[in-house]
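> What follows is a single structure, and I will ask about it in a moment.
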Amino acid sequence: MNDQGAPVVGLHNVTVRHGGVVVLEDVNLAVNRTDFVAIIGPNGAGKTTLLKVILGLVAPSSGEVLVFGKPPNELGSERAKIGYVPQITSIDLRFPISVFEAVLMGTYGRLGVGARPTKAEREAAHRALDRVGAADLAGKPIGRLSAGQRQRVFIARALVDDPELLLLDEPTTGVDTAAAAGFYTLLRQLKQDGLTIILVSHDIGVVASYVDSVACLNRFLFAHCRPDEIQCTEALRAMYGCDVAYLHHGEAPHIVVEEHK
Ligand SMILES: Nc1ncnc2c1ncn2[C@@H]1O[C@H](COP(=O)(O)OP(=O)(O)O)[C@@H](O)[C@H]1O
Ligand SMILES: [Mg+2]
Numbered sequence: 011m012n013d014q015g016a017p018v019v020g021l022h023n024v025t026v027r028h029g030g031v032v033v034l035e036d037v038n039l040a041v042n043r044t045d046f047v048a049i050i051g052p053n054g055a056g057k058t059t060l061l062k063v064i065l066g067l068v069a070p071s072s073g074e075v076l077v078f079g080k081p082p083n084e085l086g087s088e089r090a091k092i093g094y095v096p097q098i099t100s101i102d103l104r105f106p107i108s109v110f111e112a113v114l115m116g117t118y119g120r121l122g123v124g125a126r127p128t129k130a131e132r133e134a135a136h137r138a139l140d141r142v143g144a145a146d147l148a149g150k151p152i153g154r155l156s157a158g159q160r161q162r163v164f165i166a167r168a169l170v171d172d173p174e175l176l177l178l179d180e181p182t183t184g185v186d187t188a189a190a191a192g193f194y195t196l197l198r199q200l201k202q203d204g205l206t207i208i209l210v211s212h213d214i215g216v217v218a219s220y221v222d223s224v225a226c227l228n229r230f231l232f233a234h235c236r237p238d239e240i241q242c243t244e245a246l247r248a249m250y251g252c253d254v255a256y257l258h259h260g261e262a263p264h265i266v267v268e269e270h271k
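Residues in the sequence shown are numbered consecutively from 11, following the working numbering.
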């Protein structure tokens, strides 16, 4: 949350309704260049909706959204500056394609309908796989990967057009603890390389060790602060209906959420 000029993403009093139901209410959020932000909240909190608002896929009923200084649906070719890793569905895994082909699909946006990838796109796909440490997986069928490998490949697909902003929706669902740690370390590296990252998770215990800031969402945005500054115990309690213990392990702050007995 350092001051580096205009935010990459700015939400101002954003309210979203689905049908008659208010899903996001009066949300304000500023994300600056190279920030690594986790949006946390329980199921149904509006996390995916918030990402879709940033992508311009969902229009707020009131409020203002600016991405790279513009409303998302006015970005035009600048849309390529946003990489998106959606919440995974089983349908993705039934596509009988290789890892390399999946990553190459990330270039279809710039190519346009019907155009075939050239050497430049194929090289970009190889570079993206290299960048996430998955070059050795290129020839494997996408359905044969472990959950951790799969998520690296989906990040490669999102990186292939060299975005400046990366949005990830629950990327570590089904990924074991060791693979998740490697995955977050990769995201930190991408941040060091200059990317701005917004990650949606319901796994606050793990993400707090890696991100610069945490935004607690449950229809309202309760707090947006450094993980070690979280004073939103009451907010977390309101969100999760559970007791929240806040521990420090060495330098890495760590939040533990206990289930209500
Ligand atoms: N397209 C839609 N139409 C109607 N309701 C929706 C739609 N998308 C999401 N919702 C509702 O909005 C709320 C927030 O959903 P979502 O953003 O997916 O939450 P999260 O990602 O935090 O689980 C939920 O109650 C969900 O049922
Ligand atoms: Mg979701």
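The beta carbon of each residue, even a glycine, is placed where N, CA and C say it ideally should be. Being a predicted model, the structure only gives us computed values, none of them experimental.
Hey, is residue 25 close to ligand 1, as in C-beta under 6 angstroms from one of its heavy atoms?
If you number the sequence shown from 1, residue 25 lands on position 15. No, since every heavy atom of ligand 1 falls outside the 6 angstroms radius drawn around the Cβ of residue 25.
> Hey, is residue 58 close to ligand 1, as in C-beta under 6 angstroms from one of its heavy atoms?
Here residue 58 is taken as the residue at index 48 of the sequence shown, counted from 1. Yes.
> Quick check: the Cα distance between residue 271 and residue 51, rounded to an integer number of angstroms?
If you number the sequence shown from 1, residue 271 lands on position 261. If you number the sequence shown from 1, residue 51 lands on position 41. Because residue 271 carries a pLDDT of 37, less than 50, the predicted location of this residue cannot be relied on, and the following value inherits that uncertainty. Each residue's Cα considered, the two are about 20 angstroms apart.
> What is the rounded straight-line gap between the Cα of residue 143 and the Cα of residue 31?
The residue you call residue 143 lines up with position 133 of the sequence shown. The residue you call residue 31 lines up with position 21 of the sequence shown. Computed Cα separation, rounded: 43 angstroms.
> Does ligand 1 have a heavy atom nearer than 6 angstroms to the CB of residue 66?
Against the sequence shown, residue 66 aligns to sequence position 56. No, Cβ of residue 66 sits at least 6 angstroms from all heavy atoms of ligand 1.
> If you run the structure through DSSP and keep just helix, strand and coil, what is residue 273?
Nothing in the structure corresponds to residue 273, since the chain is present only between 11 and 271.
> Which of the three DSSP states, helix, strand or coil, is assigned to residue 105?
To locate residue 105, count along the sequence shown from 1; it is residue 95. Here residue 105 sits in coil by DSSP.
> Closer than 6 angstroms to a non-hydrogen atom of ligand 1 - does that hold for the CB of residue 55?
The count along the sequence shown starts at 1 and reaches residue 55 at position 45. In this structure, residue 55 has its CB closer than 6 angstroms to one or more heavy atoms of ligand 1.
> Per DSSP, residue 28 forms a beta bridge with which residues?
Numbered from its first residue, the sequence shown carries residue 28 at position 18. Residue 28 pairs with 31.
> Is residue 63 near ligand 1, in the sense that its beta carbon is under 6 angstroms from a heavy atom of that ligand?
One-based indexing of the sequence shown puts residue 63 at position 53. Checking every heavy atom of ligand 1 against the Cβ of residue 63, none is found closer than 6 angstroms.
> Between which residues of its own chain and residue 96 is the CB-CB distance below 7 angstroms, once the five residues before and five after are set aside?
Stepping through the sequence shown from its first residue, residue 96 is reached at position 86. If we look at residue 96 and ignore the five residues flanking it on each side, its Cβ neighbours are 179.
> Give me the Cα-Cα distance between residue 49 and residue 169, rounded to the nearest whole angstrom.
Taking the first residue of the sequence shown as position 1, residue 49 is located at position 39. Taking the first residue of the sequence shown as position 1, residue 169 is located at position 159. Looking at the two C-alpha atoms, the distance is approximately 21 angstroms.
> Sort out for me which residues DSSP pairs residue 21 with in a bridge.
Position 11 of the sequence shown, counting from 1, holds the residue named residue 21. BP columns for residue 21 point to 39, 75.
> Using the Cα positions of residue 145 and residue 139, report the straight-line distance between them to the nearest angstrom.
Here residue 145 refers to the residue found at position 135 of the sequence shown. Here residue 139 refers to the residue found at position 129 of the sequence shown. C-alpha separation (whole angstroms): 5 angstroms.
> Tell me where the beta strand (DSSP E) around residue 206 begins and ends.
Along the sequence shown, read from residue 1 onward, the residue named residue 206 stands at position 196. Run containing residue 206: 206-211, per the beta strand (DSSP E) assignment.
> Taking all protein chains shown into account, do 16 or more other C-beta atoms lie within 10 angstroms of the C-beta of residue 16, making it buried, or fewer, making it exposed?
Numbered from its first residue, the sequence shown carries residue 16 at position 6. Counting Cβ neighbours within 10 Å, residue 16 comes out exposed, since fewer than 16 surround it.
> Using a Cβ-Cβ cut-off of 7 angstroms (strictly less than) and excluding sequence neighbours within five positions of residue 83, which residues of its own chain qualify?
The residue you call residue 83 lines up with position 73 of the sequence shown. Counting only Cβ-Cβ distances below 7 angstroms, and skipping sequence neighbours, we find 66.
> Output yes or no for whether 7 angstroms exceeds the beta carbon distance between residue 217 and residue 152.
The residue given as residue 217 occupies position 207 in the sequence shown. The residue given as residue 152 occupies position 142 in the sequence shown. Taking 7 angstroms as the cut-off, the Cβ atoms of residue 217 and residue 152 do not count as close.
> Please classify residue 125: does DSSP put it in a helix, a strand, or coil?
As a working mapping, residue 125 is identified with position 115 in the sequence shown. The answer is coil: DSSP assigns residue 125 none of H, G, I, E or B.
> Does the distance from the C-beta atom of residue 6 to that of residue 40 stay below 7 angstroms?
Since the first and last residues shown for the chain are 11 and 271, residue 6 lies out of range.
> Give the C-beta separation of residue 193 and residue 158 to the nearest angstrom, bearing in mind that I take them to be a contact with Cβ-Cβ under 8 angstroms.
In the sequence shown, residue 193 corresponds to position 183, counting from 1. In the sequence shown, residue 158 corresponds to position 148, counting from 1. Between residue 193 and residue 158 the beta-carbon gap is near 6 angstroms, inside 8 angstroms, which marks them as a contact.
> Rounded to whole angstroms, what is the Cα-Cα separation between residue 233 and residue 224?
The residue labelled residue 233 in the question sits at position 223 within the sequence shown. The residue labelled residue 224 in the question sits at position 214 within the sequence shown. So the two alpha carbons sit approximately 8 angstroms from each other.
> What would DSSP say about residue 140, mapped onto helix, strand or coil?
In the sequence shown, the residue the question calls residue 140 occupies position 130. The DSSP-derived three-state label of residue 140 is helix.
> Can you have a look at residue 81 and say buried or exposed, based on whether 16 or more other CB atoms are within 10 angstroms of its CB?
Along the sequence shown, read from residue 1 onward, the residue named residue 81 stands at position 71. Flag for residue 81 reads exposed.
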